[in-house]
Amino acid sequence: MEKDKLDNRAPVAQKPLVYPKVDITEIGALVEVDVNNISFKIPLGTTILEACRLNNIHIPTLCYHEDLCLAGVCRVCVVEVEGMRTLQSACTFPITNRIKVHTTSEKVRKARHHILELLISEHYGECYSCHRNGNCELQKLAKEYGVDSYTFGHVTERRHKIDRSSYSVVRDMDKCILCKRCVRTCIDLQEVGVLEATHRGYDTTISTFLDKPLADVICINCGQCINRCPTAALKANDPSDEIWEAIDNPQKHVVIQTAPSPRAAIGEEFGLGAGHSLTGELNTALKMIGFDKVFDTDFTADLTIMEEGTELLMRLKKKLVDKDESVMLPQFTSCSPGWIKYIEHFYPEYLDYLSSCKSPQQMFGSVIKTFYADESKINPADIVTVAVMPCSAKKFECNRPEMDDSGFKDVDYGLTTRELAQMIREAGLNLPALPKTHFDTPFGDASGAGLIFGATGGVMEAALRTAYELVTGREVPFKNLDIMPCRGFDGVKQASVKLKNVLPAWNFLEGVELKFMIAHGTANAKKVMEALKRGELNDVHFIEIMACPGGCIGGGGQPIPTSPEIRKKRAEAIYSEDAALTLRKSHENPYVKYIYEKFLTDGPCGHKSHKLLHTHYTKRGKYID
Amino acid sequence: MLKNKSILFDREPLGDGLSNALNKFPQDVLLEVRESGLKGRGGAGFPTGTKWMLASAAIAGKKFVVCNADEGEPGTFKDRVLLDDYSDLVFDGMVIAGFAIGANLGYVYLRGEYSYLLKKLENQLEKMRTENRLGKNILNSGLNFDINIRLGSGAYVCGEETALIESLEGHRGEARNRPPFPVNTGFMGYPTIVNNVETFASIPVIMSRGSEWFNTLGTSKSRGHKLLSISGDCDEAGVYEVPFGITINEVLKLVNAKNTKAVQVGGASGYCVPKWEFDRQISFEDLSTGGSVIIFNESRDMLRVLKNFMEFFVEESCGQCTPCRIGNYKLLEGIEKIEKDECSMTYLKELVELGKSMQIASKCGLGQSSPNAFISIMNNFEDEIFSKTING
Amino acid sequence: MIEIKKNALSDEIETLVEKYGNTRDALLPILQEMQIKHGHISDFSQQEIARMLDVHPVEVYGVTTFYSFLSSVPKGRFIVRLCRTISCDLAGKENIAKAIETELGIKFGDTTLDKKFSLEYINCMGMCDQGPAMLINDRVFTKLTPHKAVDILKKCK
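Structure, rendered in structure tokens:
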């Protein structure tokens, strides 16, 4: 029964049928199938949908998503299989023998029409007053199938209340089409388990435990559900009205920091495919919109590397030299607020393993309202800090009560990539066509190490580039400083680097094999934490965890839709942007050196840094009141 | 108790089907069941022998036998009688199934509404254990097989075999994608056969009296006898055993029904037979049913009957797939419109078309058969219904 | 959120987990027993069950709300369920319904103020040859008349 328990994460019904991988040249490994009177061969067990996609035959889908386990509930992808009375859902039907499939026969077209009309009849609201107008899968299908009337009527009253309790995710269940993507994301992909279908039949609703507001349950705000929702049922909590107000207020000095992941993805909102980084163009747009200063979050990413790297080396020293058993290793990164809330809820006893460093966004907030305010002689009470992030959890993060070390709310607003794109459109700007400009001083352009934070493994790579050089005096032994073991989308990566011939000051690290792990997506974070619980990670030193699959480039605030292919392209954009820079190590960033000389004079992890750049966490636990 | 004399379950000529089966090889038991032509008695009518052979051929560490006692189709109560009076046959049938396919554990999924039968059934199982007809080394054959009873909790959809398995696994009773079928991937992912109570009860009978004898009953495509649970406007409602091929007229005579306007065969998901089709037969090839026969006399309003059925489906749908969840609601809404004289003929036709789409696009049997009543009553009782829309 | 006090309910659930196992397929039997004992499965119970079976609380809630016989909110000590499917409907369930509503002073879907009775409709309970029929907790009553139904209610202590 033990094995059954582990396998029970998703209902059997939803796990794709797994056929053992066979050599394609073996007899029986390939099956011939006829689709719309065209024959081709595909490996045994391929679903009709996959087979058609491989052969450029279009089948519309709605509940199907590449990242998620199968559902087969929307019935939009139904096709006719000769010999079977009922239509079969193409996304779930594995081909095991020669079948004849028709994807657009009369029965199929009629059924799809009816299904779309049924969904629309229950879908509250109109397209023109909806934030997903133009990027809605239901709308797209309605257009594709020529739906031009409310055949089955149209619901005129709301059945649910909009849940705006959370800082990050807003739920409008009247627009939900019950595709269950959010459920599969939250329970299967992220293993957080906040959303599930409740009640039965016509009353079925996607809801939380006891229908409590989202803010009262253990939602970690990762927003992965938003990214995968095909309609407007889920969205992030949008502060752009207040930001516009601040921009229009001549009294307010509005500064904005932009993170690498939005820059790598915002082009998708303007018709470019995935993988075009528009950093320079975005700076121009932001200035034209009316932001007073545009800063690069990569600056504080570099700062994070200094602080967190020093913290790690200090912990190592305490452990190896002082034999201090109270020091917690491995050290976990702390820049992902989704991950922070996850560990606060699910593994609150392990908070001491987290680095005490704030995320780059929050570090920037406190630095802007102190250092920058001083340098530019502006009253910090008049400064409004906005952060453009790929992240929905950052909206929760900037509202955490302890994030006011500057004496004011450090970061006033977290803005997602999507919301920023909307502001740019409202300002009438065509982003890709704008000229490029640099970031503003006193923070300037940052290093490539700070930039690669956006991809999973990036923080680790940036940390290694600095820590290794600090300790040995030499650059990391990887071509072009590209630490390949850190890159890629494997759920949990593990690697190590040997520290040999270290500088005299770091003698205690001579011969030490620095072991590190990288995990992305909270399901993988869970794997790592469970391994930690079992005592299997005692010799690992540093672990990077990102709550979102793919790292920040797959964050909850990024353009919709998302897919493994899109995330791969966004990551490639980030790594290319890094490779093109001359400055690629955090500790060489001249602006970082400047701030330590002028402001954070006690150095990394010194008293001043601790006050402004470090934080503490809250034990939350799993129990819902 | 059955209201008429049973031939199939007559105890007199019945030997010990279980020991007969255990004295054969599993392969022979499978052949016997296939030769008998026994088809599932729950309503779907899948050939039992084929199902068992597929499960037997599947290679897996474990296999399961599940008895579907979630009889919930409106008008069906024959399993209740079987479990009350013939539970020994039902359980014997399950043990024989386990022997034939290579399973060691069986579950009875008993609907929550029949929980008053639980004690009686548990006692029967205990009795079988003391008689070495259940448990380890049954009747010294080497077979280990035991049965657990699990209760349902008030969901008609759990009568669908994959929804039943989901319910057993502790999930919401939502049907699965098929293929893969339960005979390959069933309970906990292992090969599982799910059969109706009556199907299992027939097994020891076939083992004892032989498939040849079984083939003398019924029609060529529907072998054997069927238990019908007859209710509605008749004097002698109850459970009757009838041969397949019996006509509606004969059934009406059996229960002394007078002034019959319509007969609903197969429950809410079945077909509404109008007067001029009363010479049709109850069999898998003609009017198929799991046992439910509901009789309506001339005084009954067919629209009200239809509304009752659609309300049933709207409440019992599991809600996961679009056509069933929203489609059933739209059909019910249509009926309410007709009642208020607000339904046009065009819209009615559209609803019938919707029903046809639901029949082929829904994920499971519930959505595929819920429009049956709507379509058959709309078609067969046009005059009654249309007299309401003419004014609308 | 951090405080989880182990109490009598936790012990009770632990016993049930020992009886039925600590895997997900034990969920329904455990919920059924808690429902019978307490009349509902409370917020705390659901979370404890979720913890012991290693499932998410919202999944337990999803299962509880799916089945008609399970409830997250307290119901009356006697849950009266009147069959409303066609055979019982034809046999006269409307009159029974009216009589019960009048007797208890509540409408279908409600619970009496003294928490003694909850009144619900149920779909075909398999007593079609003896309708109208109703369930009170797990006891079946058939061949009802308005008079008989009210009598039965009066006898519920």
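Chains as they are written, first to last, in our numbering: chain A, 1203 to 1827; chain B, 6 to 397; chain C, 4 to 160. Virtual Cβ for every residue (Gly too), placed ideally from N, Cα, C.
8 Å Cβ cutoff, residue i in contact with chain A
i: residue 323(B); result: yes
i: residue 70(B); result: no
i: residue 109(B); result: no
i: residue 68(C); result: yes
i: residue 50(B); result: no
i: residue 74(B); result: no
i: residue 141(C); result: no
Burial state of residue i (16 or more Cβ within 10 Å)
i: residue 1434(A); result: buried
i: residue 301(B); result: buried
i: residue 1536(A); result: buried
i: residue 76(B); result: buried
i: residue 162(B); result: buried
i: residue 1382(A); result: buried
i: residue 1204(A); result: At residue 1204(A) the pLDDT is 36, less than 50, meaning the model places this residue with poor confidence; the figure from the coordinates comes in the next sentence. So residue 1204(A) counts as exposed.
i: residue 34(C); result: buried
i: residue 1364(A); result: exposed
i: residue 1210(A); result: Low per-residue confidence applies at residue 1210(A): pLDDT is 46, beneath 50, and the placement is therefore not dependable enough to give any value.
i: residue 1583(A); result: exposed
i: residue 1778(A); result: exposed
i: residue 139(B); result: buried
i: residue 325(B); result: buried
i: residue 49(C); result: buried
i: residue 263(B); result: exposed
i: residue 261(B); result: exposed
i: residue 235(B); result: buried
i: residue 1607(A); result: buried
9 Å Cβ cut-off: residues of chain A touching residue i
i: residue 112(B); result: Under the 9 Å cutoff, chain A gives no residues; its nearest Cβ is about 15 Å from residue 112(B).
i: residue 117(C); result: None at all; the shortest Cβ gap to chain A is about 25 Å.
i: residue 50(C); result: 1411, 1824, 1825 and 1826
8 Å Cβ cutoff, residue i in contact with chain B
i: residue 29(C); result: yes
i: residue 1291(A); result: yes
i: residue 1737(A); result: no
i: residue 1364(A); result: no
i: residue 1353(A); result: yes
i: residue 1252(A); result: no
i: residue 81(C); result: no
Where residue i meets chain C, residues with beta-carbon distance less than 7 Å
i: residue 1411(A); result: 60, 61 and 64
Of the residues the options, the one placed nearest residue i, counting alpha carbons only
i: residue 1758(A); options: 1289(A), 1561(A), 1424(A) and 1368(A); result: 1424(A)
i: residue 1890(A); options: 1640(A), 1626(A) and 1641(A); result: Because chain A is modelled from 1203 through 1827, residue 1890(A) falls outside the range shown and cannot be assessed.
i: residue 1279(A); options: 340(B), 323(B) and 328(B); result: 328(B)
i: residue 1639(A); options: 1520(A), 1793(A) and 1482(A); result: 1482(A)
i: residue 1321(A); options: 1457(A), 1281(A) and 1276(A); result: 1276(A)
Chain A contact residues for residue i, given Cβ-Cβ distances below 8 Å
i: residue 75(C); result: 1412
Residue-chain proximity (residue i, chain C), Cβ-Cβ < 8 Å
i: residue 1402(A); result: yes
i: residue 299(B); result: yes
i: residue 206(B); result: no
i: residue 381(B); result: no
i: residue 1825(A); result: yes
i: residue 1569(A); result: no
i: residue 285(B); result: no
Listed by chain order, chain B residues near residue i by CB distance under 7 Å
i: residue 126(C); result: 161, 317, 320 and 321
i: residue 130(C); result: 82
Proximal chain C residues relative to residue i, where beta-carbon distance stays under 9 Å
i: residue 1396(A); result: 59 and 61
i: residue 310(B); result: 89, 92 and 93
Chain-ordered neighbours of residue i on chain A, where CB pairs are closer than 7 Å
i: residue 326(B); result: 1275 and 1277
Amino acids of chain E, ordered along the chain, whose beta-carbon sits closer than 9 Å to that of residue i
i: residue 1434(A); result: In summary, chain E is missing from the structure at hand, where the protein chains are A, B and C.
Going residue by residue through the segment 1416-1447 of chain A, where are the continuous beta strand (DSSP E) segments of at least 3 residues, counting only ones entirely within it? Counting only runs of 3 or more residues that sit fully inside the segment 1416-1447 of chain A, the beta strand (DSSP E) segments are 1436-1438, in chain order.
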